[in-house]
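Notes to accompany the following structure.
Here's what the structure looks like:
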């Protein structure tokens, strides 16, 4: 191997490595949120919720959705079945019969610190805002990957519309920017919902547990689940009794795929370059041989 | 051809993988349920498994019908199967079991059961001799568990009276004995001394006692294999066998039972049923003044008589021996009391045996919990007890301590304490709510007067007010001559500096509905729907009220306030 070949091989190697680095940028986990960009969220105290469904009404009003009938007579029938959020209802209240009597649980998007839906979105319609809200944009193409990726079964598809999109709670992103509280928080008559930065509501939740050890179970749902969520829950009964999954683990959902996904550019970009480099290197050798032969022919 | 086969196999493999993945995704259970093992009617049956010796069983357990065998051996008596010692039947089985290892126990059982079955098969119809007839597969998972038998004060009293009839004098030594671990002559260790009678549990409940002397005694009991189960079966049944014949002659069939389900009924007498039953007399003090030497606080007058009636066993307070608390717990703590000092022994919030612990349990009852669930135990502790609350117990004199006059609403000034309060500041969608202030006071006073505990600790009417008007210095309110108002502390809009501070709307709802919930009042509680209209229980909906509650069209002030709040929350 002569000097020229050696340089070529080295050059292609360095170029490949550089491209690989460009395509695999450093990851910023949610725990290292830069100062001043604290996530906002809601602390839900299920011991305070009285199941009046006023948050459903508030949510429907601020988001321009069909107004639910929250009359008492209807409510009793509705609460008999466990409901899920839908494309026209971003928040629902369910009643669970537990060892400590009936417990009402308001459910809506958990606004994960590292959301699976955002990672799954092909067109970046789903976004995690710097202030914590997981919002969706109008450029949704309706692929429904976010529905598959959500561990809480929250994003819902507008099956009945001509141009369907994904719909879900966006923690009242528009109202937040105008300086108003989320619709559900504003109307809650018992302050079962508390809005604040994630740090504030987490501290408040821990304070409530510490001062009432007999009232709450010693766990804040959403503190560590799927890497932390902006929606935190307090409960008097074990969380599996009020419809929360305990099998989700503490690893953020995108983390399961990022390792693999970051390896993809390496295989598609770096590997051809390496092979090409090798190919060029060996081909040159043949050309030289050819030249040598030619020279030999010339001598004759 | 081969290639096609290969494609086919690969696609099948993928299909299996996909279906397995889907299966595992969709079968994740949202709630975890523990399957309860099936139960059978007890009917004097016993499950023989001895998993402590065998570990995992090779064949299914044997469900043994003890009742049938008792019936069959009526003439011969228990000694036919059970060993005898000093004229007493020991309720162990089989008779000649020498070693307690797997083969020995198995052989002993098989010998005892099968031999007997074979022997009597010649004379009459008898039990099985084949493996599967006793070790039945369908009975593998059955659970035979008898509920605890409770020897309560009613049964105790009955035994005392009957035995007195029989023998002609009081002799507690028939059942009670004490054990002196320091006596050198072993035969003299088990003696009866009048005046030292205690519950069987104190010595025969193994592995729970502390302190040097008690550990020695329970160890001796453990060495003899006399757990509470063994000891009470031996003691009770032998005596029952002895006197059963006499009663049978008289025609009293139910006296002196020996069948399992006669004692293990699973039904227990309540405190109300036991109220009239006299408690055993052992020269306990009736109404002592508990005074600890060198203690800083004054002595506590204690109604021992009443507390006897208010509890089902002596053990609920005297947890390890029937001595006075201060015998084991002194000011600094000593080994007999597991180094728990006397202050802790009386005031431990979470103990079942301390004064405060037991009173806390009472406070969680339905009638009391309406007010008391707001008063967090931990918070009350960290705020530091008020002088006046210590003084309720630590009065230092017996005089007048045991008869408190009931509270009365007669002395209340109708100017200061209104009959009805109209809650209307927040009224928007709903009509103002009319709050029956005086009716509630009357009801609470009534509840308080009925309970001796409440009557003692709710010293005056102000204490009753503090149930709702919490954290307000009652004395100051009275002096100023202005009734405490919810709005004094609870603002209408959220307080930006203290996010947990309750707004007025939520203060009303949480205070009222929380209390209704805890006291089990159906009207206006959060959990019950029976009445249909929960909101209407307190305030009627306006006929043409505004439907839009969040848009706040004309409410610029509120909007401005919310904006300010968010600006405070936002980090700079």
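Residue numbers (the working numbering), protein chains in the order written: chain R, 761 to 1060; chain Z, 4 to 575.
Don't be surprised by glycine CBs; every beta carbon is placed ideally from N, CA and C.
Inset, instruction - Would you check whether the ligand ZN has a heavy atom nearer than 7 Å to the C-beta of residue 278 of chain Z? - result: Absent from the structure shown: the ligand ZN. Ligands present: none.
Inset, instruction - Report the option in Z:134, Z:135, Z:119 whose CA atom is closest to the CA atom of residue 128 of chain Z. - result: The residue with the shortest Cα to Cα distance from residue 128 of chain Z is Z:119.
Legend entry - In chain order, each alpha helix (DSSP H) run of at least 4 residues that lies wholly inside the segment 44-125 of chain Z: With a minimum length of 4 residues, the continuous alpha helix (DSSP H) runs that stay inside the segment 44-125 of chain Z are 54-57, 69-75, 105-124.
Inset, instruction - Can you check DSSP and say which residues form a bridge with residue 866 of chain R? - result: As DSSP reads the structure, residue 866 of chain R sits in a beta bridge with R:853.
Legend entry - Own chain residues within Cβ distance below 7 Å of residue 895 of chain R, not counting five before or after: Counting only residues of its own chain and dropping the five nearest sequence neighbours on each side, residue 895 of chain R has a CB closer than 7 Å to the CB of 887, 889, 930, 933.
Inset, instruction - Evaluate residue 310 of chain Z with the Cβ neighbour count: other Cβ atoms within 10 Å of its Cβ, from every protein chain shown; 16 or more gives buried, anything less gives exposed. - result: So residue 310 of chain Z ends up on the exposed side.
Legend entry - Environment of residue 20 of chain Z [buried if 16+ CB atoms lie within 10 Å]: Burial call: exposed.
Inset, instruction - Quick one: give me the first and last residue of the alpha helix (DSSP H) that residue 467 of chain Z is part of. - result: Residue 467 of chain Z -> alpha helix (DSSP H) spans 464-468.
Inset, instruction - Find out if the Cβ-Cβ distance for the pair residue 107 of chain Z, residue 98 of chain Z is shorter than 8 Å. - result: No, the Cβ-Cβ distance between residue 107 of chain Z and residue 98 of chain Z is not below 8 Å.
Inset, instruction - Taking residue 921 of chain R as the reference, give the member of R:953, R:847, R:1001 with the closest Cα. - result: Of the residues R:953, R:847, R:1001, the one whose Cα lies closest to the Cα of residue 921 of chain R is R:847.
Legend entry - Alpha carbon of residue 241 of chain Z to alpha carbon of residue 92 of chain Z, nearest angstrom: When rounded, the distance between both Cα atoms is 7 Å.
Inset, instruction - Using a Cβ-Cβ cut-off of less than 9 Å, list which residues of the segment 818-852 of chain R approach chain Z; keep chain order. - result: Within the segment 818-852 of chain R, those residues whose Cβ lies closer than 9 Å to any Cβ of chain Z are, in chain order, 818, 819, 821, 822, 827, 831, 832, 833, 835, 836, 839.
Inset, instruction - Going by CA-CA distance only, name the one from R:844, R:805, R:1017 that's closest to residue 913 of chain R. - result: Looking at R:844, R:805, R:1017, the one whose alpha-carbon comes closest to that of residue 913 of chain R is R:844.
Inset, instruction - Confirm, please, whether the CB-CB distance from residue 798 of chain R to residue 989 of chain R is below 8 Å. - result: In this structure, residue 989 of chain R lies away from residue 798 of chain R, with their beta-carbon atoms at least 8 Å apart.
Inset, instruction - Starting from residue 508 of chain Z, find everything on chain R with Cβ-Cβ shorter than 9 Å and list it in chain order. - result: Chain-ordered, the chain R residues with CB closer than 9 Å to the CB of residue 508 of chain Z read 948, 949, 950, 951.
Legend entry - Three-state secondary structure (DSSP) of residue 1013 of chain R: Helix.
Legend entry - Pick from R:1040, R:825, R:993, R:942 that is closest to residue 963 of chain R, judged by C-alpha positions: The shortest Cα separation from residue 963 of chain R among R:1040, R:825, R:993, R:942 belongs to R:993.
Inset, instruction - Going by CA-CA distance only, name the one from Z:178, Z:495, Z:26 that's closest to residue 427 of chain Z. - result: Closest by alpha carbon: Z:495.
Inset, instruction - Check the Cβ-Cβ distances between residue 911 of chain R and every residue of chain Z, and say whether any is below 8 Å. - result: So, not an interface residue.
Legend entry - Buried versus exposed, by CB contacts within 10 Å (16 or more), residue 944 of chain R: Here residue 944 of chain R is buried: its Cβ has 16 or more other Cβ atoms, across all protein chains shown, within 10 Å.
Legend entry - Buried versus exposed, by CB contacts within 10 Å (16 or more), residue 985 of chain R: Around the CB of residue 985 of chain R, 16 or more other CB atoms lie within 10 Å, so the residue is classed as buried.
Legend entry - Any C-beta of chain Z under 8 Å from that of residue 861 of chain R: True, the Cβ-Cβ gap to chain Z drops below 8 Å.
Inset, instruction - With 8 Å as the threshold, decide whether the Cβ of residue 493 of chain Z is near any Cβ in chain R. - result: With 8 Å as the cut-off, residue 493 of chain Z does not count as an interface residue toward chain R.
Inset, instruction - Sort R:942, R:975, R:1016, R:1013 by Cα distance to residue 819 of chain R and report the nearest one. - result: Ranking the options by Cα distance to residue 819 of chain R, first place goes to R:942.
Inset, instruction - Can you give me the start and stop residues for the beta strand (DSSP E) that residue 956 of chain R sits inside? - result: Where residue 956 of chain R is concerned, the enclosing beta strand (DSSP E) stretches over 953-957.
Legend entry - Chain-order list of residues whose beta-carbon lies under 8 Å from that of residue 56 of chain Z (same chain, five-residue window excluded): If we look at residue 56 of chain Z and ignore the five residues flanking it on each side, its Cβ neighbours are 103, 104, 105, 108.
Inset, instruction - Output yes if chain Z places a C-beta closer than 8 Å to the C-beta of residue 811 of chain R; else output no. - result: Interface annotation, residue 811 of chain R: in contact with chain Z, CB-CB separation under 8 Å.
Inset, instruction - Could you tell me how far apart the beta carbons of residue 977 of chain R and residue 863 of chain R are, in whole angstroms, since I believe they sit closer than 8 Å? - result: Your pair residue 977 of chain R and residue 863 of chain R does not check out as a contact, with CB atoms roughly 12 Å apart and the cut at 8 Å.
Inset, instruction - Work out the CA separation of residue 366 of chain Z and residue 211 of chain Z for me, nearest whole Å. - result: Going by the C-alpha atoms only, they are around 28 Å apart.
Legend entry - Contact set for residue 452 of chain Z: own chain, Cβ-Cβ below 8 Å, skip 5 residues either direction: Closer than 8 Å at the Cβ level, and outside the excluded window around residue 452 of chain Z, lie 409, 410, 458.
Inset, instruction - May I have the straight-line CA-CA distance separating residue 586 of chain Z from residue 523 of chain Z, to the nearest angstrom? - result: What the structure shows of chain Z is the stretch from 4 to 575, and residue 586 of chain Z is not part of that stretch, so it cannot be assessed.
Inset, instruction - Could you check which residue in R:830, R:851, R:979 has the C-alpha nearest to that of residue 823 of chain R? - result: Measuring from the Cα of residue 823 of chain R, the nearest candidate turns out to be R:851.
Inset, instruction - Please decide whether residue 964 of chain R counts as near chain Z, where near means a Cβ-Cβ distance under 8 Å. - result: Residue contact check for residue 964 of chain R against chain Z: a CB pair falls below 8 Å.
Legend entry - Beta-carbon contacts of residue 229 of chain Z that lie in its chain and below 7 Å, excluding the five residues immediately before and after: The residues are 207.
Legend entry - Cutoff 7 Å; reference residue 51 of chain Z; Cβ partners in own chain excluding five residues on either side: Same-chain partners within the cutoff: 64, 65, 67.
Inset, instruction - Measuring only between beta-carbons, confirm whether residue 512 of chain Z sits less than 8 Å from chain R. - result: With a threshold of 8 Å between beta carbons, residue 512 of chain Z makes contact with chain R.
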